[in-house]
Amino acid sequence: MPEYYLALAALLFCIGLVGAVSRRNLFVIYMSIELMLNAINLMLATFARAQNDHGGTVMALLLIAVIASEAAVFLSMIITLFRTNRTIDADFFTNLSQEQNP
Amino acid sequence: MIEQGIFWILTLFLVGGSLGMITSRHSVFASANFMLAMIALSGIFALLNQSFLFLAQILVAVGAVITLALLVIVSVNIHQRYTPDEPNMRRWLAGVSLLVLPFFVLLINTAGKMPISFKDVPAEFGTVRGVGATLFSDWVLPFELVSILLLVAMLAAIIISRRGGDHDA
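If you read the sequences in order, they're chains A and B. Going by this note's numbering, the first residue of the first sequence is number 113, and it counts up by one from there. Going by this note's numbering, the first residue of the second sequence is number -17, and it counts up by one from there.
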């Protein structure tokens, strides 16, 4: 039975990876990153249950706090980017990848 | 086996919600699908006897993080013309899925060969008492570091999203 939970965590991580790479909407990219972090959470909870050890549970709890801080910073970044550029298209923000500003 | 049935139902909601999240064109639908997936994930935590983690997931991930994301999506009130139209979205999704597939097969193989199994749980496993005893004995330093991280992230969110903050910084 633990294999099913680990396989589910792997599937969630891969779905999040696909979403973060292939989408251009900043909100969807944000939620894909969060999905990957939650897949790690599920893996930690599964290992804690299999070993009957609370260490994995505590790590998952701390990871939930990290997810909350990531959400606060990412969402305020999205607000600032939308306010200054009037878009949430990830392909618009290419200043760092070009030699000079367009 | 009733536990297995609950697991498959929750898996259906979890995977369906995640797939709906990365394929939907509207931000609000994406976050609603993601909320469904996170509620199903907290149910999976409950299946793993992690009652404290289940509570924390419901309170923080569903109640705070996704609600905050929904609030931001609604309050910046993005008109449809400001969101990317992504004409080749399905082609991109299919191509990147093909690229990620070998990695996924590798992960599945590793998970299948893992020599672990679920044993009988002690009575205290996953409860607030048991988790709290471990958290405040072996994990005190990471706990304090995470509290500093939360404080810094809160300050950063205020400073970044301040009006005109990027000009006079």
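Note that the Cβ used here is the ideal one computed from N, Cα and C, for glycine as well.
Annotated three-state conformation of B:Asp120 is coil, per DSSP. DSSP places A:Asn137 in the strand class (E or B) of the three-state scheme. Contact of B:Thr49 with chain A is not assigned, every C-beta pair being separated by 8 Å or more.
Bounds of the alpha helix (DSSP H) holding B:Pro84 are Met71 to Gly94. Going by beta carbons, A:Arg136 and B:Pro104 fall outside the 8 Å limit. With a beta-carbon spacing of about 6 Å, A:Ile127 and B:Ile4 fall inside the 8 Å limit used to define contacts. Between the beta-carbon of A:Ala122 and that of B:Ile90 there is about 6 Å, and that keeps the pair under the 8 Å contact cut. Proximity of chain A to B:Gly108 at the Cβ level (cut-off 7 Å) is accounted for by Thr169, in chain order. Using a 10 angstroms sphere on the CB of B:Asn31, the tally of other CB atoms reaches 16 or more, which defines it as buried.
Per DSSP, the beta bridge partners of A:Asp201 are A:Asn137. By the beta-carbon neighbour count (other beta carbons within 10 angstroms, threshold 16), B:Ser99 is exposed. For B:Met(-17), there is no enclosing alpha helix (DSSP H), as DSSP marks it with neither H nor E.
Residue-level contact check: B:Pro66 touches chain A, since one or more beta carbons of chain A fall below 8 Å from its beta carbon.
For B:Leu35, the enclosing alpha helix (DSSP H) begins and ends at Ser33 to Ala38.
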